[in-house]
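Numbering (my numbering), first residue to last: 42 to 129.
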(Lines of atoms letter the chains of each structure in order from A; the text may use other names.)
(Lines give C-alpha, C1' and ligand atoms only; values in the text may rest on other atoms or scores of the structure.)
Protein backbone atom coordinates (compact mmCIF):
# COMPACT_ATOMS: atom_id res chain seq x y z
CA UNK A 42 0.00 0.00 0.00
CA UNK A 43 2.76 2.47 0.93
CA UNK A 44 4.56 1.90 -2.37
CA UNK A 45 1.38 2.51 -4.38
CA UNK A 46 0.45 5.61 -2.39
CA UNK A 47 3.93 7.05 -2.96
CA UNK A 48 3.57 6.39 -6.68
CA UNK A 49 0.25 8.25 -6.65
CA UNK A 50 1.76 11.15 -4.70
CA UNK A 51 4.30 11.61 -7.48
CA UNK A 52 1.49 11.84 -10.03
CA UNK A 53 -0.47 14.31 -7.90
CA UNK A 54 2.56 16.56 -7.50
CA UNK A 55 3.14 16.26 -11.24
CA UNK A 56 -0.36 17.53 -11.97
CA UNK A 57 0.29 20.59 -9.81
CA UNK A 58 3.66 21.38 -11.36
CA UNK A 59 2.31 20.79 -14.89
CA UNK A 60 -0.58 23.16 -14.22
CA UNK A 61 1.86 25.79 -12.98
CA UNK A 62 3.93 25.71 -16.16
CA UNK A 63 1.47 28.25 -17.59
CA UNK A 64 2.00 30.77 -14.78
CA UNK A 65 4.73 32.75 -13.11
CA UNK A 66 4.83 34.04 -9.53
CA UNK A 67 3.44 37.44 -10.56
CA UNK A 68 0.42 36.03 -12.42
CA UNK A 69 -0.44 32.96 -10.36
CA UNK A 70 -4.03 31.88 -9.80
CA UNK A 71 -5.63 33.28 -6.67
CA UNK A 72 -2.41 35.13 -5.86
CA UNK A 73 -0.84 31.92 -4.55
CA UNK A 74 2.49 30.33 -5.24
CA UNK A 75 2.92 26.80 -6.54
CA UNK A 76 4.58 25.82 -3.25
CA UNK A 77 1.33 26.58 -1.40
CA UNK A 78 -0.46 23.91 -3.43
CA UNK A 79 2.42 21.44 -3.19
CA UNK A 80 2.49 21.88 0.59
CA UNK A 81 -1.27 21.40 0.80
CA UNK A 82 -1.17 18.26 -1.35
CA UNK A 83 1.67 16.86 0.74
CA UNK A 84 -0.20 17.56 3.98
CA UNK A 85 -3.36 15.92 2.65
CA UNK A 86 -1.31 12.91 1.55
CA UNK A 87 0.25 12.61 5.01
CA UNK A 88 -3.18 12.83 6.65
CA UNK A 89 -4.59 10.16 4.35
CA UNK A 90 -1.63 7.83 4.97
CA UNK A 91 -2.10 8.16 8.74
CA UNK A 92 -5.75 7.17 8.41
CA UNK A 93 -4.99 4.23 6.12
CA UNK A 94 -2.28 2.97 8.46
CA UNK A 95 -4.50 3.45 11.51
CA UNK A 96 -7.42 1.59 9.94
CA UNK A 97 -5.51 -1.29 8.38
CA UNK A 98 -6.92 -4.57 9.65
CA UNK A 99 -9.86 -2.99 11.47
CA UNK A 100 -13.49 -3.90 11.02
CA UNK A 101 -15.86 -1.61 9.13
CA UNK A 102 -17.52 -0.64 12.43
CA UNK A 103 -14.17 0.34 13.94
CA UNK A 104 -13.31 2.40 10.86
CA UNK A 105 -16.69 4.17 10.97
CA UNK A 106 -16.24 5.03 14.66
CA UNK A 107 -12.75 6.40 13.97
CA UNK A 108 -14.05 8.43 11.00
CA UNK A 109 -16.85 9.93 13.09
CA UNK A 110 -14.34 10.82 15.81
CA UNK A 111 -12.11 12.45 13.17
CA UNK A 112 -15.03 14.52 11.85
CA UNK A 113 -16.00 15.63 15.35
CA UNK A 114 -12.41 16.64 16.06
CA UNK A 115 -12.23 18.60 12.80
CA UNK A 116 -15.50 20.39 13.60
CA UNK A 117 -14.25 21.33 17.07
CA UNK A 118 -10.98 22.62 15.64
CA UNK A 119 -12.85 24.63 13.01
CA UNK A 120 -15.26 26.06 15.61
CA UNK A 121 -12.35 27.02 17.84
CA UNK A 122 -10.53 28.68 14.95
CA UNK A 123 -13.68 30.56 13.87
CA UNK A 124 -14.37 31.63 17.46
CA UNK A 125 -10.87 33.09 17.72
CA UNK A 126 -11.41 35.18 14.60
CA UNK A 127 -9.26 33.03 12.36
CA UNK A 128 -10.39 31.01 9.39
CA UNK A 129 -8.83 28.13 7.53
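Beta carbons are placed, not taken as given, at the ideal position from N, Cα and C, and that holds for glycine.
Just so it is clear, the structure is predicted and the values come from calculations on it, not from any experiment.
Legend entry - Distance CB(residue 96)-CB(residue 107) smaller than 8 Å: Yes, the pair counts as a contact, with Cβ atoms nearer than the cut-off.
Legend entry - Counted within 10 angstroms of its Cβ, other Cβ atoms place residue 78 as buried (16 or more) or exposed: With 16 or more other Cβ atoms within 10 Å, it is buried.
Legend entry - Inter-stretch contact at 8 Å, needing at least 3 Cβ pairs: the segment 43 to 55 / the segment 83 to 94: Yes, since at least three Cβ pairs between the segment 43 to 55 and the segment 83 to 94 fall closer than 8 Å, the two stretches touch.
Legend entry - Sequence-distant residues of its chain with Cβ nearer than 7 Å to residue 66 (five each side left out): Shown here for residue 66: same chain residues with a beta carbon closer than 7 Å to its own, the five before and five after excluded, namely 74 in chain order.
Inset, instruction - Just the C-alpha distance for residue 53 and residue 63, rounded to the nearest angstrom, thanks. - result: Whole-angstrom Cα-Cα distance: 17 Å.
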